[in-house]
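Enquirer:
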Amino acid sequence: MSHFSKIKTSITDLGVLKKTITDLGFHYKTSLSNPNEVSSELIDHKDTLFIYDIGLNKNDLPACSFEWQSGQYLIIVDFLLWNLEIDFNYFMDRLLQQYAYNTVIDQGSFQGFHRVEENILSNGSISLTLQRF
C-alpha cells in the first residue's frame, strides 16, 4: 500500500530547481498542475516536476516529485517505493545545498558578481567567493 508524504521545502524558483536536479545527475519531466485551467496570467501556472534517476529504469516510475503549493514547492515521495540507492535524508541535504548554491550564483550573477573561488570543505560545506568586476 502506497502512502505519499509531502515535505515542505524553501524552494520557490523553478528554474533554479531544474538546474539543481540536473546538477545532481537526475533528469525530470514537467507537467502543468492545472493544464485545462484558463488564466490570463501564465505566471500562476506552476509545473509539477517528476524526478527520475538517470541510471535506473524501474518501470519508469519517478523517484519523487515537486508540487507547487502555498508559495513553495513540496517534495512528494512514497517511502515504500523509494528506488534510489541513496538515503532520502542524504538526497534532501544534497538537494537543498545545491539549490542554495545555485540561488547564490544566480542572484550574484544578476547583480553583476562572478565566481572567483570555490572550495568544498572537509565537512561538505561550500566556501564560495564572488567578486564584482
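Residue numbering for the sequence shown follows the numbering used here, beginning at 83 and increasing consecutively. Glycine included, each C-beta is placed from N, C-alpha and C at the ideal position.
(1) Give the straight-line distance between the Cα atoms of Ser209 and Gln180, rounded to the nearest whole angstrom.
(2) Name the one or two DSSP bridge partners that Glu199 has.
(3) Determine the burial state of Asn184: buried for a count of at least 16 other Cβ atoms within 10 Å of its Cβ, exposed for fewer.
(4) Where does Glu123 land, buried or exposed, given buried means 16+ other C-beta within 10 angstroms?
(5) Consult DSSP for Gln193 and reduce its assignment to one of helix, strand or coil.
(6) Ile157 lies in the beta strand (DSSP E); which residues open and close that run?
(7) Thr112 by DSSP, collapsed to three states: which one?
(8) Could you tell me whether the Cβ atoms of Ser113 and Phe86 are closer together than 8 Å?
(9) Quick check on Ser121: does DSSP put it in helix, strand or coil?
Expert: In brief:
(1) One C-alpha to the other measures close to 13 Å.
(2) Thr211, per the DSSP bridge assignment.
(3) Its Cβ being crowded by 16 or more others within 10 Å, Asn184 is buried.
(4) The predicted model places Glu123 with a pLDDT of 44, which falls under 50 and marks its position as unreliable; any figure quoted below should be read in that light. Glu123 should be labelled exposed.
(5) Coil.
(6) Per DSSP, the continuous beta strand (DSSP E) segment holding Ile157 begins and ends at Gln154 to Asp160.
(7) In this structure, DSSP gives Thr112 an extended state, which the three-state scheme calls strand.
(8) Cβ distance not < 8 Å, so Ser113 and Phe86 don't count as in contact.
(9) Here Ser121 scores only 45 on pLDDT, less than 50, and its place in the model is too uncertain to base an answer on.
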